[in-house]
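Read the sequence shown against the UniProt record's numbering and you will find it ends at 1007, with the numbers running on by one and no gaps.
Beta carbons: idealized from backbone N, C-alpha and C, even for Gly.
Reviewing the structure listed below.
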Amino acid sequence: MLKKITAFFPFLMGIIWVANAQESKIYTHENKDFQDALALYNNEQFQAAQTIFEKVKSTTKDEEIAANSAYYVANSAVRLNQQGADRLMEEFVDKYPTSTKRNSAFADVADYYFETGKYPYALKWYNKVDQSALSRGEMDKFNFNYGYSLFSSRKPQEAERYLEKVTTSPVYGSQAKYYLGYISYQQDDYEEANERFDQITDQNVLEEKLSYYQADMNFKLGKFEEAIALAKKQLPKSDRTEVSELNKIIGESYFNLEQYENAIPYLKEYRGKRGKWSNTDYYLLGYCYYKQGEYANAIDQFNKIIGGTNSVSQNAYYHLAECYLKQDKKQEALNAFRNASQMDFKPEIQKDAFLNYARLSYEVGNAYEPVPQVITNYLETYPNDEHKEEMQTLLVDSYITSKNFAGAMELLENNQNYASKETYQKVTYYRGIELFMEGDYGSASEVLGKSLGSAVNDLFRARANYWKAEADYLLNRFDDAVAGFTSFKQNSASNGVLEGKDVDYDLAYAYFKQKDYGNAITYFKAFTDSQKNNVEKLHDGYLRLGDSYFATSKYWPAIETYNEALALTGPEKDYASYQKAMSYGFVDRTESKIENLENFVVQYARSTFKDDALFELGNTYVSAGQENKGLQAYDRLIGEYRGSSLVPQALMRQGLVFYNSSRNNEALAKFKTVVRDFPNTQEAIQAVATAKLVYVDLGRVDEYASWVNGLDFVEVTDAELDNATFDSAQKQNIEGKTDAAIRGYQKYIEEFPNGLRALDANFSLAQLYFGKGDKEAALPYYKYVADKTTSEYAEQALTRVCEVYIGKQDYETALPYLLKLEDQANIQQNRTFAQSNLMKGYYEQKNYSKTLEYADKVLSTSSIDDRIKSDAQIMIARSAIATGDESKAKSAYTQVLTIASGGTAAEALYYDAYFKNQEGDYESSNISVQKLAKDYATYKEWGGKGLVLMAKNFYALGDSYQATYILESVISNFAQFPEIVADAKAELAIIKSKESQSNSSVDPNRD
């Protein structure tokens, strides 16, 4: 900005110190070449002059002419800016030390560099000048030039020493005082600067620059009105840079005078330092807009303040938050209040910002830290605050709204005065439901019991009764379930409880599980008589009502009820048809039974009960004397269902038919097939015993003995000891003596590893260990049973093996067992369990095609709950993301959002925001992230990812402050998620790099 004033010493330009031609003999006609060169030099024809001087220097014999020629050669080199000019001048001084031009050479070169603005070069040569040889007039010039050169070389203290020497000079005095005043100005000594400026009398100096500096000094001295007047006076005669600075002086002066409307146009005209504004510049203009009620314009300025760490920034962020609130942008306001509350420059602003941050956290959620923690921190920081009661209420509610019911329970149990008994009732209710949904039914029952113990609100008492009963039912505590459902029915408020509208159905099942079929019939009938809307549940109600009639030998009502089920749409129509056929058998309607079974195997060709139907068909034909048809039915079963547990029984039945009709060899073949293909089963033991009878009848006892000795699965001679050992363990189990039963079964397995009851012992031992929660101990015994695919326990054991491995997240080991369960399961629930976990297992192995295949299988299964549907859709979505199919992923996540809860819902909500960001719908994307923060705050990983996405949205919307603040907060608060932090750092670096191009306060290299 500062330029050396030249208007008052034009005589300095172009003057060359040369000797008068009449003062020396060298200027004679005889030295024409030298004179020609000198004439060229004086006419600034330095290149031509230098050439002639070089020639004269090398040819003349006159020492003085040679010295002067060398001087002019060097001087010409300086003016021509030739490389090595300095060296030429130094060679001249060294070679001609007695030359009269020696001191003139130093001064002349120094003055030349001074006039061309090369002040460091000028200083070098001024330092060589012998000041004692200078006249008084030359000394004034030397002191001013040397002082100004020091000033321009940023050596103000040394410059002052020389400039002070010429303050009384008629030629240099005003200029010296100007620069001395400017030095004081630069050193913020405004009183001294004003004093020196006031001494200037030269009008030209006063007009050129002084008004600008005086305006600035008055501003800095707080004399704002004087600053405005001087700055406005200077505006018309200033260059572009000064105009920008003067506008800043005027604008800030109006700002300090609280004339905000007047300040705005001048502040807007400021162009910044090197084209960049600072955080303070943005604050000043933003605050003016804020005071004028122009909140949108204020936000545009405040949100450019990035990374501020001073009181100005704290003020800015606080007022920015207020502006956001005026615009109903609460998430943005939360961030700004949080930022202001983290600064302690102004405690009163910090406290108010903290209060508003806590309130907004409660209202819109908080992804940085749990809302209860925010409010607790406020209460701890300001324990005697006037807002204490309000904050305590919000604290309790914040646990509830953020679904942190465990935290709410702990808070209320430690601080009973924080809320009412009814609030505690509701909190424990919600915590109980949460535990129920997580599958922790024992804890759910316990916590719901606490809710009932504090029951004030009848509606929540009814709900707690219902869900506790559901938990007890799932824990096989059927007596407690009956009591709970009964209490629910007796509560008049239960009429408004949607989930309990079919409580008769629930009660019926609880009685059904206890084999109290009389009460089961009562409630299933009450349910089926009243239920008209839910066809699927009505279908199931008829099935279980039919089963209850069947179990109590009321076969005609059973048949009628199964017909009701068959008339409805439902997943177990094959079961109803099979049970109906069986019922005909118990009322001596053999032909009807056969007809229904024959129809069944045709109509339900893929039913899991088809092997049962074929077996019963064979039995019924044999009982009816139609042995050949019976044998054919058995053959169909054996041929089509090699893995069925009924195959060894069918083979036995065929053997017995042959034996009873004296077809002994055919009978022996069947019995030996059972022994060979199904060792270690009850059928194999029975086959050995019956074969013995055949061999005895045939008189081939030796052949029998030889055959039996070759069998390793049965120790015939130890049969009595085998049974006694097993019965002892079984007795302990029946009496509920778990530890004694475990020891008994273990003893049996050790003594009879291939015993008659080995399957029973292994399964019972596995069940006891599993019941105690020792799943690892149960595993080998379940695996033993699961490997015997035809036993009655095989499916349940196989399911348990899968459960144990899945519980350990060991899908690799679980996969073959899951595939086996899928193939062999007769119970649809177990098949769905296998398929849903195969889906997850393949996803773990990154086998996305198989994941999608099994997800489709799961979704095609009728009567699955929303949790399983949600899992399937999540697997589809994740696989689609992994394979780059975002369209498929978006569709799947949309489905998940409608049915999911917990972490799955948080994930789906994040991707809802993600896809909206991809589509450029940044505001809608932010709304989804806000919902994620409010409703799923406990899922911090998704919250962190959502914040990074929100930052990208804000930057795309032009809000740099929000973007950078959010990213910096993620970096500070999500260290446990390195990938999220890395993503935030990368995004922050991009934004800071862009913002540093227009904001001088932003350092792109500072973390």
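By DSSP, does LYS291 sit in helix, in strand, or in coil?
Here the question's residue 291 lines up with position 291 in the sequence shown. Helix, per DSSP.
Inset, instruction - Give the secondary structure of ASN999 by DSSP, where H, G and I count as helix, E and B as strand, and everything else as coil. - result: Numbered from its first residue, the sequence shown carries residue 999 at position 999. Residue state, collapsed to three classes: strand.
| query | Terminal residues of the continuous alpha helix (DSSP H) containing THR167? | reply | In the sequence shown, residue 167 corresponds to position 167, counting from 1. No alpha helix (DSSP H) contains THR167, which DSSP labels as neither H nor E.
inquiry  = Contact criterion: CB-CB distance below 7 Å. Does LYS808 meet it with respect to chain B?
reply    = The structure shown has no chain B; it contains just one protein chain.
Between the region 258–266 and the region 981–989, do three or more beta carbon pairs fall short of 8 Å? Under the Cβ criterion (8 Å, minimum of three pairs), the region 258–266 does not count as touching the region 981–989.
Exercise for review: With a floor of 4 residues, list each alpha helix (DSSP H) that falls wholly inside the region 531–563, ordered by position along the chain.
Suggested key: Assignment of alpha helix (DSSP H) within the region 531–563, counting only whole runs of 4 or more residues, yields 535–551 in chain order.
For GLN131, which residues in the same chain have their Cβ closer than 8 Å to its Cβ, ignoring the five residues on either side in sequence? Numbered from its first residue, the sequence shown carries residue 131 at position 131. MET139 and PHE142.
Just tell me which of LEU568, ARG606, ASP611 and GLU616 has its CA closest to the CA of GLU591. Along the sequence shown, read from residue 1 onward, the residue named residue 591 stands at position 591. GLU591 has its Cα closest to that of GLU616, out of LEU568, ARG606, ASP611 and GLU616.
Do SER69 and PHE53 have their CB atoms nearer than 7 Å?
Along the sequence shown, one-based indexing puts residue 69 at 69. Along the sequence shown, one-based indexing puts residue 53 at 53. Taking 7 Å as the cut-off, the Cβ atoms of SER69 and PHE53 count as close.
Legend entry - Spatial distance of GLU792 from THR608 (CA atoms): For the purposes of this step, residue 792 is taken as the residue at position 792 of the sequence shown. For the purposes of this step, residue 608 is taken as the residue at position 608 of the sequence shown. If you take the alpha carbons of GLU792 and THR608, they lie about 14 Å apart.
Item checked: Residues bridged to TRP277 [DSSP beta-bridge criterion] -> Indexing the sequence shown from 1 puts residue 277 at position 277. ASN999.
- Name the residue from THR690, ALA705 and ALA933 whose alpha carbon lies nearest to the alpha carbon of LYS330. Counted from its first residue, the sequence shown places residue 330 at position 330. Looking only at THR690, ALA705 and ALA933, the smallest Cα-Cα distance to LYS330 is reached by ALA933.
For the region 117–125 against the region 151–167, are there 3 or more C-beta pairs whose distance is under 8 Å? In short, these stretches touch, since the Cβ pair count reaches three.
| query | Where does GLU115 fall in DSSP's three states? | reply | Position 115 of the sequence shown, counting from 1, holds the residue named residue 115. Note: GLU115 maps to helix in three-state DSSP.
**Message:** With H, G and I counted as helix, E and B as strand and the rest as coil, what does DSSP make of PRO347?
**Reply:** By 1-based counting over the sequence shown, the position of residue 347 is 347. Looking at PRO347 - three-state DSSP - the assignment turns out to be helix.
Item checked: Proximal residues to LEU80 (C-beta, below 8 Å), its chain only, five neighbours per side dropped -> Taking the first residue of the sequence shown as 1, we reach residue 80 at position 80. So the list reads PHE46, GLN47 and GLN50, once near-sequence residues are dropped.
Leaving out five residues on either side along the sequence, give the residues of the same chain with a beta carbon under 8 Å from the beta carbon of TYR283. Counted from its first residue, the sequence shown places residue 283 at position 283. Cβ neighbours of TYR283 beyond the five flanking positions: GLN301, PHE302, ILE305, VAL312, SER313, ASN315 and ALA316.
Problem - Local Cβ density within 10 Å of GLY307, reported as buried at 16 or more and exposed below that - result: Here residue 307 corresponds to residue number 307 of the sequence shown, with the count starting at 1. GLY307 comes out buried.
* Asked: Are MET652 and VAL675 touching if we call contact CB-CB under 7 Å?
  -> On the sequence shown, position 652 is the one that residue 652 refers to. On the sequence shown, position 675 is the one that residue 675 refers to. No.
- Message: Buried or exposed, going by whether 16 or more other CB atoms sit within 10 Å of the CB of ASN310?
- Response: Counting from one through the sequence shown, the residue named residue 310 turns up at place 310. Result: exposed.
Practice item. Report the residue from GLU923, SER553 and ARG544 whose alpha carbon sits nearest the alpha carbon of ASN563. Key: As a working note, residue 563 is residue 563 in the sequence shown. Checking every option, the nearest Cα to that of ASN563 belongs to ARG544.
Give the single residue among ARG700, TYR641 and LEU852 whose Cα lies nearest to the Cα of ARG606. For this step, residue 606 is matched to residue 606 along the sequence shown. The option with the nearest alpha carbon to ARG606 is TYR641.
| message | For the alpha helix (DSSP H) containing HIS319, name the first residue and the last one. | response | Counted from its first residue, the sequence shown places residue 319 at position 319. Looking at the DSSP string, the run of the alpha helix (DSSP H) that includes HIS319 is 311–326.
Query - Cβ neighbours of TYR290 in the same chain (closer than 7 Å, five flanking residues each side left out) - result: Looking up residue 290 in the sequence shown gives position 290. For TYR290, same chain residues with a beta-carbon under 7 Å away, outside a window of 5 residues either side, are ALA298, HIS319 and CYS323 in chain order.
| task | Could you say which of PHE550, TYR555 and ASP540 lies nearest to ALA567 if we only look at CA atoms? | result | Working through the sequence shown from its first residue, we reach residue 567 at position 567. That would be ASP540, whose Cα lies nearest to the Cα of ALA567.
Quick check: the region 341–353 against the region 899–915, are there 3 or more CB pairs under 8 Å? With a cut-off of 8 Å, the region 899–915 and the region 341–353 do not count as touching, because too few Cβ pairs lie within range.
Checklist entry - Would you call the CB atoms of LEU325 and ALA336 closer than 7 Å? => result The sequence position of residue 325 within the sequence shown is 325, counting from 1. The sequence position of residue 336 within the sequence shown is 336, counting from 1. Cβ distance not < 7 Å, so LEU325 and ALA336 don't count as in contact.
From which residue to which residue does the alpha helix (DSSP H) around TYR922 run? Against the sequence shown, residue 922 aligns to sequence position 922. Taken as a continuous stretch (DSSP letters only), the alpha helix (DSSP H) holding TYR922 covers 922–935.
message = So for ARG757, helix, strand or coil by DSSP?
response = Numbered from its first residue, the sequence shown carries residue 757 at position 757. Under the three-state reduction of DSSP output, ARG757 falls in the coil class, being neither helix nor strand.
Hey, is the region 523–532 in contact with the region 565–585, meaning 3+ C-beta pairs nearer than 8 Å? They do not touch, by the three-pair rule.
- Message: Measuring straight from C-alpha to C-alpha, what distance separates ASN680 and VAL688?
- Response: As a first step, residue 680 must be located in the sequence shown, where it is residue number 680. As a first step, residue 688 must be located in the sequence shown, where it is residue number 688. One Cα belongs to ASN680, the other to VAL688, and the distance between them is close to 11 Å.
Whole-angstrom Cβ separation of VAL78 and VAL129, contact assumed at under 8 Å?
-> The residue given as residue 78 occupies position 78 in the sequence shown. The residue given as residue 129 occupies position 129 in the sequence shown. Contact annotation, VAL78 with VAL129: C-beta distance approximately 15 Å; criterion of less than 8 Å not satisfied.
Review point. Roughly how many whole angstroms lie between the Cα atoms of ILE980 and LYS952?
Key: Here the question's residue 980 lines up with position 980 in the sequence shown. Here the question's residue 952 lines up with position 952 in the sequence shown. A direct Cα-to-Cα measurement between ILE980 and LYS952 gives close to 13 Å.
| said: Please report the straight-line C-alpha distance between SER238 and GLY272, rounded to a whole angstrom. | reply: Looking up residue 238 in the sequence shown gives position 238. Looking up residue 272 in the sequence shown gives position 272. C-alpha separation (whole angstroms): 16 Å.
Query raised in the report: Does DSSP put SER993 in a helix, a strand or coil?
Result: Along the sequence shown, one-based indexing puts residue 993 at 993. Judged by DSSP in its simplified three-state form, SER993 adopts helix.
* Ignore the nearest five residues each way along the sequence and tell me which others in TYR955's own chain have a CB closer than 7 Å to its CB. => Along the sequence shown, one-based indexing puts residue 955 at 955. Result list for TYR955: ALA963 and ILE991, in chain order.
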